[in-house]
Amino acid sequence: MTITAGFLAGLRDLVGPQRVYTDPADLVAYSYDATWEPASPDAVVRVASTEEVSRLLALAAEAEVPVHPRGAGTGLSGGAVPRGGGLVLALNDLNRTLTVDPADSVAVVGAGVITLDLHRAAEARGLFYPPDPASLGACTIGGNVAENAGGPRCLKYGVTRDYVLGLEVVLAGGAVLHLGGRTLKNVTGYDLVRLFTGSEGTLGVITEATLRLIPQPPARTTLAALYDDLTLAGETVVAIGQAGPVPAALEILDRASIRYAEAYRPSGLDLAGEALLLIEVDGPDSASVHDQARRLEHVCRGSGARQVLVAEDAAQAGRLWQVRRSVSAAIVRLKPTKISEDATVPRSRVPEMIRRLAAIRAKHGVDLVVFGHAGDGNLHPNIVANRRDPEEMARVERAVNDIFDAALALGGTLSGEHGIGLLKRRFLSRQLGPAERAAMRAVKMAFDPGNILNPGKALAHDDVAGEGPGAGQGLAADDAGVRP
Amino acid sequence: MSGGRGAVAAGTTGGTTPLFEHDLDLCMRCSACAATCPTYGVLGHEGFSPRGRVQVAGALLEGRLEPNPRSLEFLDTCLHCEACRTACPNDVPVTRLVDLALDLPDFKPLGPAPNRAVRLMLWAVAHPWTLALLRPGLWLWQRLRLGRLAKSAGHRVPWLASLAEVAAGLPPMPSPFRPALPARRAPALPAPLAPARRPQAGSGRVAFFLGCVQEAVFAETNRASICLLQAAGLEVASAPGQGCCGALHLHQGRVNDARSMARRNIAAFEAAGPEWVVNSAGGCGATLREYGSLLAGDPEWASRAAAFSSRVRDISDFLAGLPLSGGEGGTGRDGPEPHRPRSTPLPLRVTIQDSCHLVHVQGVRSPLRTLLTPVAGRGLVELPRPDQCCGSAGVYNLERTELALAILDRKMEDVKSTGADVVVTANPGCTLQLRLGVARAGLTGQVRVLHVADLLWESVRPTESERKGGGSRG
Ligand SMILES: Cc1cc2nc3c(=O)[nH]c(=O)nc-3n(C[C@H](O)[C@H](O)[C@H](O)COP(=O)(O)OP(=O)(O)OC[C@H]3O[C@@H](n4cnc5c(N)ncnc54)[C@H](O)[C@@H]3O)c2cc1C
Ligand code: SF4
Ligand code: SF4
Numbered sequence: 001m002t003i004t005a006g007f008l009a010g011l012r013d014l015v016g017p018q019r020v021y022t023d024p025a026d027l028v029a030y031s032y033d034a035t036w037e038p039a040s041p042d043a044v045v046r047v048a049s050t051e052e053v054s055r056l057l058a059l060a061a062e063a064e065v066p067v068h069p070r071g072a073g074t075g076l077s078g079g080a081v082p083r084g085g086g087l088v089l090a091l092n093d094l095n096r097t098l099t100v101d102p103a104d105s106v107a108v109v110g111a112g113v114i115t116l117d118l119h120r121a122a123e124a125r126g127l128f129y130p131p132d133p134a135s136l137g138a139c140t141i142g143g144n145v146a147e148n149a150g151g152p153r154c155l156k157y158g159v160t161r162d163y164v165l166g167l168e169v170v171l172a173g174g175a176v177l178h179l180g181g182r183t184l185k186n187v188t189g190y191d192l193v194r195l196f197t198g199s200e201g202t203l204g205v206i207t208e209a210t211l212r213l214i215p216q217p218p219a220r221t222t223l224a225a226l227y228d229d230l231t232l233a234g235e236t237v238v239a240i241g242q243a244g245p246v247p248a249a250l251e252i253l254d255r256a257s258i259r260y261a262e263a264y265r266p267s268g269l270d271l272a273g274e275a276l277l278l279i280e281v282d283g284p285d286s287a288s289v290h291d292q293a294r295r296l297e298h299v300c301r302g303s304g305a306r307q308v309l310v311a312e313d314a315a316q317a318g319r320l321w322q323v324r325r326s327v328s329a330a331i332v333r334l335k336p337t338k339i340s341e342d343a344t345v346p347r348s349r350v351p352e353m354i355r356r357l358a359a360i361r362a363k364h365g366v367d368l369v370v371f372g373h374a375g376d377g378n379l380h381p382n383i384v385a386n387r388r389d390p391e392e393m394a395r396v397e398r399a400v401n402d403i404f405d406a407a408l409a410l411g412g413t414l415s416g417e418h419g420i421g422l423l424k425r426r427f428l429s430r431q432l433g434p435a436e437r438a439a440m441r442a443v444k445m446a447f448d449p450g451n452i453l454n455p456g457k458a459l460a461h462d463d464v465a466g467e468g469p470g471a472g473q474g475l476a477a478d479d480a481g482v483r484p
Numbered sequence: 001m002s003g004g005r006g007a008v009a010a011g012t013t014g015g016t017t018p019l020f021e022h023d024l025d026l027c028m029r030c031s032a033c034a035a036t037c038p039t040y041g042v043l044g045h046e047g048f049s050p051r052g053r054v055q056v057a058g059a060l061l062e063g064r065l066e067p068n069p070r071s072l073e074f075l076d077t078c079l080h081c082e083a084c085r086t087a088c089p090n091d092v093p094v095t096r097l098v099d100l101a102l103d104l105p106d107f108k109p110l111g112p113a114p115n116r117a118v119r120l121m122l123w124a125v126a127h128p129w130t131l132a133l134l135r136p137g138l139w140l141w142q143r144l145r146l147g148r149l150a151k152s153a154g155h156r157v158p159w160l161a162s163l164a165e166v167a168a169g170l171p172p173m174p175s176p177f178r179p180a181l182p183a184r185r186a187p188a189l190p191a192p193l194a195p196a197r198r199p200q201a202g203s204g205r206v207a208f209f210l211g212c213v214q215e216a217v218f219a220e221t222n223r224a225s226i227c228l229l230q231a232a233g234l235e236v237a238s239a240p241g242q243g244c245c246g247a248l249h250l251h252q253g254r255v256n257d258a259r260s261m262a263r264r265n266i267a268a269f270e271a272a273g274p275e276w277v278v279n280s281a282g283g284c285g286a287t288l289r290e291y292g293s294l295l296a297g298d299p300e301w302a303s304r305a306a307a308f309s310s311r312v313r314d315i316s317d318f319l320a321g322l323p324l325s326g327g328e329g330g331t332g333r334d335g336p337e338p339h340r341p342r343s344t345p346l347p348l349r350v351t352i353q354d355s356c357h358l359v360h361v362q363g364v365r366s367p368l369r370t371l372l373t374p375v376a377g378r379g380l381v382e383l384p385r386p387d388q389c390c391g392s393a394g395v396y397n398l399e400r401t402e403l404a405l406a407i408l409d410r411k412m413e414d415v416k417s418t419g420a421d422v423v424v425t426a427n428p429g430c431t432l433q434l435r436l437g438v439a440r441a442g443l444t445g446q447v448r449v450l451h452v453a454d455l456l457w458e459s460v461r462p463t464e465s466e467r468k469g470g471g472s473r474g
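Just so you know, the sequences run in chain order A and B. Just so we're aligned: 475 in our numbering is position 475 of the first sequence, and the numbers increase by one with no gaps anywhere. Just so we're aligned: 431 in our numbering is position 431 of the second sequence, and the numbers increase by one with no gaps anywhere.
1. Tell whether a beta-carbon distance below 8 Å holds between residue 496 of chain A and residue 165 of chain A.
2. Using the DSSP secondary-structure output, state which residues sit across from residue 488 of chain A in a beta bridge.
3. With DSSP as the reference, label residue 189 of chain B as helix, strand or coil.
4. Could one say the Cβ of residue 56 of chain B lies closer than 8 Å to chain C's Cβ atoms, at least one of them?
5. Can you tell me where the alpha helix (DSSP H) with residue 258 of chain A in it begins and where it stops?
6. So with CB distances below 7 Å, who are the chain B contacts of residue 30 of chain A?
7. Against chain A, which members of the region 20-37 of chain B pass a CB distance test of less than 7 Å?
8. With a threshold of 7 Å on Cβ separation, who are the neighbours of residue 283 of chain A within its own chain once the five nearest residues in sequence on each side are excluded?
9. Using a beta-carbon distance below 8 Å, is residue 52 of chain B in contact with chain A?
10. Roughly how many angstroms lie between the CA atoms of residue 182 of chain A and residue 35 of chain B, to the nearest whole one?
11. Candidates B:20, B:91 and B:382: which alpha carbon is nearest residue 350 of chain B's?
12. Any beta-carbon of chain B closer than 8 Å to the one on residue 92 of chain A?
13. So which residues of chain B does residue 85 of chain A contact, with C-beta pairs closer than 7 Å?
14. If we count the other Cβ atoms within 10 Å of its Cβ and call it buried at 16 or more, is residue 533 of chain A buried or exposed?
15. Go to residue 104 of chain A, then tell me how far its beta strand (DSSP E) extends in each direction, as first and last residue.
16. Spell out a yes or no on whether the region 254-272 of chain B and the region 371-388 of chain B are touching, meaning 3 or more CB-CB pairs, one atom from each, closer than 8 Å.
17. Ordered along the chain, which non-local residues of its own chain (more than five positions away) have a Cβ less than 7 Å from that of residue 292 of chain B?
18. So that I know if they touch, is there some Cβ in chain A lying closer than 8 Å to that of residue 65 of chain B?
19. Check whether the Cβ of residue 92 of chain A sits closer than 7 Å to any heavy atom of ligand 2, and report yes or no.
20. Using DSSP's beta-bridge definition, name the partner residues of residue 352 of chain B.
21. Go through its chain and collect everything with a Cβ distance to residue 121 of chain A's Cβ below 6 Å, but skip five positions before and after it.
22. Can you give the Cα-Cα distance for residue 212 of chain B and residue 29 of chain B, rounded to whole angstroms?
23. Tell me the rounded alpha-carbon separation between residue 135 of chain A and residue 152 of chain A.
24. Is residue 14 of chain B helix, strand or coil when you go by DSSP?
25. Output yes if chain B places a C-beta closer than 8 Å to the C-beta of residue 132 of chain A; else output no.
26. Taking its Cβ as the centre, do 16 or more other Cβ atoms sit within 10 Å of residue 344 of chain A, making it buried, or is it exposed?
27. At least one CB of chain B closer than 8 Å to the CB of residue 137 of chain A: is that the case?
28. Where do the N-terminal and C-terminal ends of the alpha helix (DSSP H) with residue 144 of chain A fall, by residue?
29. Does DSSP classify residue 32 of chain A as helix, strand or coil?
30. Am I right that residue 331 of chain A and residue 378 of chain A are in contact with their C-beta atoms under 8 Å? What's the rounded C-beta distance?
31. For the candidate residues B:253, B:207 and B:215, whose alpha-carbon lies nearest to that of residue 234 of chain B?
32. Please go through the same chain and pick out, in chain order, the residues whose beta-carbon is closer than 8 Å to the beta-carbon of residue 415 of chain A, but skip the five residues on each side of it.
33. Report yes or no: is there a C-beta of chain B within less than 8 Å of the C-beta of residue 332 of chain A?
34. Measuring only between beta-carbons, confirm whether residue 74 of chain B sits less than 8 Å from chain A.
35. Name the chain B residues whose beta carbon is nearer than 9 Å to that of residue 442 of chain A?
Next comes the structure, spelled out in structure tokens:
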């Protein structure tokens, strides 16, 4: 599917020559996201309005050119990587709309707005947009909606999906849809808002979102519970889920992650142990927060915590969360290539998943560490390796394979929040049967009959091979091994 | 302190391959750096972001991309402001990778001949006698209003125009024909480098690093810094023979020039024998603190350079580190122990533009707040992005005028949003650039741009009446 000179000329007419790039250096800059396997597009185009997106998609559909929507390129499943070539559609300039309306408690946000900017705008009006992916200083609202992003606070407040009231979406032929609205209740027609949320850029291009905001919880505090046994920490997660109160965040760190994080940026706190649970509670006032903390402390001790620390002040809470934030950076000092999985299990199976991960680490001799959003079963098993060592990478691949099997065997899912993208599509048929995949394919065909939007992504590759432009491209590479 | 070009040069001699592979592998492409990068902020294109620069540099170094004008543009527009380094959770040395890639031989024929204004400056600052002529020269420039002439010639000689724009922010130069009468010109400033009236035994001698541009055009800032140190009860030793720190040369890749400047400065300060080497130019300070790595490969100088670097402190960091004078004993410069001089609040609303090499390389952020909080009578207000470069970046504003001005104009919008009367900086280049910004934003007369030492001294120095009465204020 090479792009013709005529098509490029059409693009340049549409958005102006200074926003269409074909230089090899530009193509390198738009060849990757936060995953490891880049692929070069044939051209990059930047758009700044819904109108431009619409006319561009009409042009691309007619010319059958694959289009890879891209927000900030922080995706962890390869969704914005232009495998198979075609056009990268850079949407970060759709950032001019950002209005917060306290009367309706909604925000209307351009798809290119950075998530943190929405957080700040909402806070300035005393409101709160809870979804908080760790990448929030960089990622875009469009990317969050496309991936249905989560984050630590989603345990109590839900994921992106729970805050999307309305969407403006452009379909492959250029049609502009206005879906949902500004009301909490809305059952007029099919709920296409939910369909597009999490569709990974395969059904349409999101240009604007209307998002629900809630009041700021004014008070918060943090607890840290230390364990001599990782599984006990896992069992605490189950106990907290049953006894409550619901924490605003509940994160787990295993011994290796604590050790690396402390070596990297010492917290000044004594955190030696086999496992650490970090728990945040929030509420309307300090009395409520204090009460919740006391009850959670009780649950932790009852489930075998050796020691429970309640942060004395915001500074100490900050130091505790700093430990959690340091883990990612700390473990890549050990080995540079980080493979982040986000297989997720039902909360009650967290202790068993932890046991199986330990077995997988031992069986394949890989450097696997566990840290993540334990409260919602979204453990992040991370493997660090050296991508320049093929033997090690082969072991990593077998370990990842086993991780997916373990999660599915426990009634879980391949991905909790990062999406299927390119990386996980070859595992999709383990979770979804032929009937489910056929239904999804039918949805894809209904919205994008020419298969130009993110062709080959998010669907199992045996479902997409041979279809439309770009479909099935790069599958050989995909099958050859893990793409960390 | 290994971020500078000096470290690169030291590393390249032994072959670049392992160095860059390690650096490259550190980048996990998370893009946590993008929001801090001024060029990405203005241009919104991945190639002008830190992550983009790392990946493009990697592609060039691994031979996946041929050096061409566009990749040169991505790399060459990096301000070397090091904001990305502060933001990066993995401490990826972005600018080191950029410089390594720019050192590829294939870039040489592509690179634009060094800008004439830049070459002129590099040559001038390296020689004491040209610096001696700089002040009178600038006086002539200002008297004859050559700036206007240069600007109007700008369409034919663009480098002259960009020089003129920046020079517009200079303070008025004293006439060389009327020898400066310190008492009349700046009544509160004692003669430079005079010892404190009562130097304390064991109080720690300091020597002051003057800096070339700083001393030539912002001598008043150096005087204010020295006065502050003396007011703190310290003896300020002089270090004759010191010169330019070599930062500009280092960033232009003229490493050997920079090394010889380093040796000259180290020798000068060794002779003075101070405990601390204090300076008031964030960029120079960062370079002084990198002498250790710059001369690491030189057996004769390595340990001397490391010892020197460990003594270097920025004026605001140094002052904020002193204890507040306690109780009635703390009377300004007569205090028994070195102490932080006490400020009187001024009726001003103050904001801070952190100078890149102070905040991102030297890691000095809170001292400016500590010192200025008691000074800002109408409040200390933070800029939305206080630690994001103003576009000055050494000689960047002369080389990449258009982009530098776009970055500057964005910064001025931020300044307006604070409603501040004074923008405080910590580096001469930033002062010049922001003064240009004030003029461009039509804020002349409303907003002053001052070095932190100037404003502090304004709030510390004895008032005229107190001086007459022989008293001093603490
Ligand atoms: C350090 C780090 C931490 C992270 N932490 C979390 C976390 O805690 N929780 C979490 O859920 N994720 C996390 N992520 C993953 C990632 O940040 C999210 O998936 C985010 O939503 C991606 O946004 P983006 O703008 O970068 O999208 P991109 O990476 O550019 O794109 C992601 C996908 O969305 C599509 N897309 C983007 N914009 C649009 C649009 N406007 N319309 C249609 N399709 C579009 C793309 O085609 C692609 O398929 C993390 C990533 C990193 C690097
Ligand atoms: S340089 Fe650092 S912050 Fe930027 S993408 Fe790489 S790892 Fe992330
Ligand atoms: S040094 Fe400054 S300009 Fe260069 S990439 Fe980093 S943040 Fe951007």
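Positions of the beta carbon are idealized from the N, C-alpha and C atoms, including for glycine. Quick caveat: nothing in here was measured; it's all calculated off a predicted structure.
Let me spell this out:
1. With chain A covering 1 to 484 only, the question about residue 496 of chain A has no answer from this structure.
2. This structure cannot speak to residue 488 of chain A, because chain A is shown only from 1 to 484.
3. Since pLDDT at residue 189 of chain B reaches only 39, below the 50 mark, its modelled position is unreliable, and the value read off the structure follows with that caveat. Three-state result, residue 189 of chain B: coil.
4. Considering every chain present, this structure includes no chain C. Its protein chains are A and B.
5. 255-264
6. Going along chain B in sequence order, the residues near residue 30 of chain A (Cβ under 7 Å) are 46.
7. 25, 26, 28, 29, 30, 31, 32, 34 and 35
8. 217, 219, 289 and 292
9. yes
10. 30 Å
11. Closest by C-alpha distance to residue 350 of chain B, out of B:20, B:91 and B:382, is B:382.
12. yes
13. In chain order: nothing, as chain B lies at least about 16 Å away.
14. Past the edges of chain A, shown from 1 to 484, lies residue 533 of chain A, and the structure says nothing about it.
15. No beta strand (DSSP E) contains residue 104 of chain A, which DSSP labels as neither H nor E.
16. no
17. 305, 306 and 309, listed in sequence order.
18. yes
19. Incorrect: residue 92 of chain A has no Cβ contact closer than 7 Å to ligand 2.
20. Answer by DSSP bridge pairing, in chain order: B:424.
21. Excluding positions up to five away in sequence, the list reads 98 and 100.
22. So the two alpha carbons sit approximately 39 Å from each other.
23. 12 Å
24. Bear in mind that a pLDDT of 39 at residue 14 of chain B, under 50, signals an unreliable position, so the model cannot answer this.
25. no
26. buried
27. yes
28. Unbroken alpha helix (DSSP H) run through residue 144 of chain A: 141-147.
29. coil
30. In fact, because the Cβ distance is near 18 Å, the residues do not count as touching under 8 Å.
31. Selected option, being the one with the closest Cα: B:207.
32. 77, 342, 343, 344 and 424
33. yes
34. yes
35. Neighbours of residue 442 of chain A on chain B: none; closest Cβ ~35 Å, over 9 Å.
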